[in-house]
Amino acid sequence: MTVLLAFRFLAGRYHATPFGHHVNEGLIEWPPSPWRLLRALISVGYTSGLWDGAGPPDMGRNLIEKLSCRLPCYYLPDAVGTHSRHYMPTAKFDNGKEKTTLVFDTWARVKDENQELVVIWRDVILEGAELSMLSDLVERMNYLGRSESWIEGRVMKDGETIPEINCFAEPHEEIPDRNWEQVALLASEDAETYKAWRAACLENELAHLPLPAGKKKLSRKYLRDRERIEETYPIDLLDCLQKDTMWLRSHGWSRPPGSRRIFYWRRSNAISISARKIRVVARSKQRVPAMLLSLTNASRNDHALPQVIRTLPQAELLHRALISIAEKVAGKIPQELTGRDETGKPLQGAHEHAHINPLDLDSDGHLDHVLVWATSGLGITAQEAIRAARKTFTKEGIEPLRLALAATGDFQDLAKMIDEYGRNRYGRHLARLAKRALNWQSVTPFVPPRYIKMRGKNCLEGQIRTELSRRGFPNPASITILAPQTQCQSVSPERGTGGENGMTTWHRHFRHFKLARQRGPQPPLNCWFAVRLEFESPVGGPIAIGYGSHFGLGLFKHCGGDEA
2 MTVLLAFRFL AGRYHATPFG HHVNEGLIEW PPSPWRLLRA LISVGYTSGL WDGAGPPDMG
62 RNLIEKLSCR LPCYYLPDAV GTHSRHYMPT AKFDNGKEKT TLVFDTWARV KDENQELVVI
122 WRDVILEGAE LSMLSDLVER MNYLGRSESW IEGRVMKDGE TIPEINCFAE PHEEIPDRNW
182 EQVALLASED AETYKAWRAA CLENELAHLP LPAGKKKLSR KYLRDRERIE ETYPIDLLDC
242 LQKDTMWLRS HGWSRPPGSR RIFYWRRSNA ISISARKIRV VARSKQRVPA MLLSLTNASR
302 NDHALPQVIR TLPQAELLHR ALISIAEKVA GKIPQELTGR DETGKPLQGA HEHAHINPLD
362 LDSDGHLDHV LVWATSGLGI TAQEAIRAAR KTFTKEGIEP LRLALAATGD FQDLAKMIDE
422 YGRNRYGRHL ARLAKRALNW QSVTPFVPPR YIKMRGKNCL EGQIRTELSR RGFPNPASIT
482 ILAPQTQCQS VSPERGTGGE NGMTTWHRHF RHFKLARQRG PQPPLNCWFA VRLEFESPVG
542 GPIAIGYGSH FGLGLFKHCG GDEA
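Quick note on my numbering: the sequence shown kicks off at 2 and runs consecutively.
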């Protein structure tokens, strides 16, 4: 009968170094050697509880011995050889600093993770119980090779298509052509061959320590010398397969007893040495609604990033950097970044040029992303400038902050973003800025763009309605002031928002925000408001109004529970 084992590499990686080679030689044992496969089956029997510390039962011994009598052949999926380099600590210190050494980690990257490695044993006769045990062992294997090589194994059923063999042992009926190459793999002797070899070796080595005739008592040293020689040769093949490297070294073996080197033929491109081909996707020539940049520092310490109160100055600094980059990249500055036409006059319309919103997506009080969006979309030149942005600065920062493009597209795409742990918290925060909803409230302070009057269109509520109207939003059904911070007595906060010492929670949150631009027009009043808006029908964001709305101020998010 033919026994077929199929292994799928769940992570697409196979890590294994051929026996007798150092890991830094960068060699990959591909395919897995017969010796490795037998040792893996024995190991999983122990770890899965199929047998105890006394070793495999008779059925398990028979199974291993039957498989060791035949050399398997293989079907190898396409793979690419690749590696990583690490400086590993050596636990040795020089002038108080721990020494490191360069270590290579080489592996075969399986191109198609759904392809299986198939191991084929021909002319092996297994009983039904033995085949069932083999199936249990293979299905319980978690990895093959080093522990990074996660696998899913199975015994193939009768009637399944056997893939074309592309790796087989020497000798072979036909001599392969130049498109094939030889690799040496470690395989086991069969049990009877090893038994005869062990007996011959012991007879030769114990010849100078014969057992005397008669009843002469032997010394302890004499008996210990005989035992030491006998211990050098494992009792049987199964014992050979269970010896570790430390045992081999202590007994002077350069290769495990009971093993042999066999030449296998495989395709010369079984492991490609070229880099994986990456499908190049042409960048869109269309305008995109939004682009998201991640913000980090050299120390990777999130608490060393700018605080949210620096939303306005950080947006200004990035805006100046984008203007400079665009001029270098394209020789001109796009209107959606400047907000001015070719004559230098402000654009007329519903504030369709770019908004730069520094954001705190992980809610730790520090800015970690920057959202750049425009209702008219970002053109090619603006996109290139944003992609090329690599750094920005912050007040009293020793080193520049690093920028990297995190996402691009519409807000539905951005709402699918995940963080470094695979959670959707980033996407949820972004969705609250754009998803259609009835109720909206301030994320950053609203600063009135004009002096506040007691009544009329320039009263606080009138200015909010005008700002919304100019940006194409419907007239809100109600406007609630959650927290003022002003000397004007014409407005008062919503009742019930007072906290300890008479200070509102909004007051504590917004009172330290920078409200005046460093370069540009100053706010007419040094005051801010936290506002809640309620519309008659759901509206979609982002909503940014008031002074500095293109630089992070006056941003709103929906309150949740009422989104369309």
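For each residue, glycine too, the CB sits at the ideal point set by N, CA and C.
Asked, Found
"Ordered list of alpha helix (DSSP H) runs contained in the segment 102-163, each at least 4 residues", "129-140"
"Euclidean distance between Cα positions of residue 245 and residue 27", "22 Å"
"Beta-carbon contacts of residue 184 that lie in its chain and below 7 Å, excluding the five residues immediately before and after", "265, 267"
"Segments assigned beta strand (DSSP E), at least 3 residues, entirely inside the segment 375-451", "402-410, 438-443"
"7 Å CB neighbourhood of residue 257 in its chain, flanking five on each side removed", "241, 244, 249"
"Residue nearest to residue 388 in terms of C-alpha spacing, selected from 376, 294, 549", "294"
"Straight-line Cα distance separating residue 228 from residue 273", "49 Å"
"Backbone CA spacing between residue 344 and residue 335 [nearest angstrom]", "13 Å"
"DSSP three-state assignment for residue 31, whether helix, strand or coil", "coil"
"Length of the line joining the Cα atoms of residue 428 and residue 467", "31 Å"
"At least 3 beta-carbon pairs within less than 8 Å: the segment 338-358 vs the segment 368-378", "yes"
"Classification of residue 384 by the beta-carbon crowding that lies within 10 angstroms, buried from 16 upward", "buried"
"Buried versus exposed, by CB contacts within 10 Å (16 or more), residue 32", "buried"
"Distance CB(residue 111)-CB(residue 13) smaller than 7 Å", "yes"
"Close-in-space but distant-in-sequence residues of the same chain around residue 146 (CB under 8 Å, 5 per side omitted)", "15, 16, 17, 30, 33, 37"
"Other residues of its chain near residue 288: CB distance less than 7 Å, five sequence neighbours each side excluded", "378, 379, 380"
"Beta-carbon spacing of residue 317, residue 519 below 7 Å", "yes"
"C-alpha distance - residue 534 paired with residue 359, whole-angstrom precision", "22 Å"
"DSSP three-state assignment for residue 510, whether helix, strand or coil", "helix"
"Local conformation of residue 518 per DSSP, three classes", "coil"
"Ranges of the alpha helix (DSSP H) found wholly within the segment 190-230, counting only runs of at least 4", "192-206"
"Minimum C-alpha distance to residue 474 - residue among 542, 88, 206", "542"
"Bounding residues of the beta strand (DSSP E) (the contiguous stretch that carries residue 95)", "80-95"
"Proximal residues to residue 370 (C-beta, below 7 Å), its chain only, five neighbours per side dropped", "293, 294, 295, 296, 360, 362, 407"
"Residue 241 - partner residues in DSSP beta bridges", "BP columns for residue 241 are empty, so no partner."
"7 Å CB neighbourhood of residue 19 in its chain, flanking five on each side removed", "28, 30"
"Within 7 Å, strictly: CB atoms of residue 416 and residue 432", "yes"
"Cβ neighbour criterion (16 or more within 10 Å) applied to residue 557", "buried"
"Rounded distance between the beta-carbons of residue 439 and residue 511, thought under 8 Å", "Actually they are not in contact, since the Cβ atoms of residue 511 and residue 439 sit about 23 Å apart, beyond 8 Å."
"Endpoints, the beta strand (DSSP E) within which residue 292 is located", "289-297"
"Through-space distance from residue 302 to residue 455, alpha-carbon basis", "47 Å"
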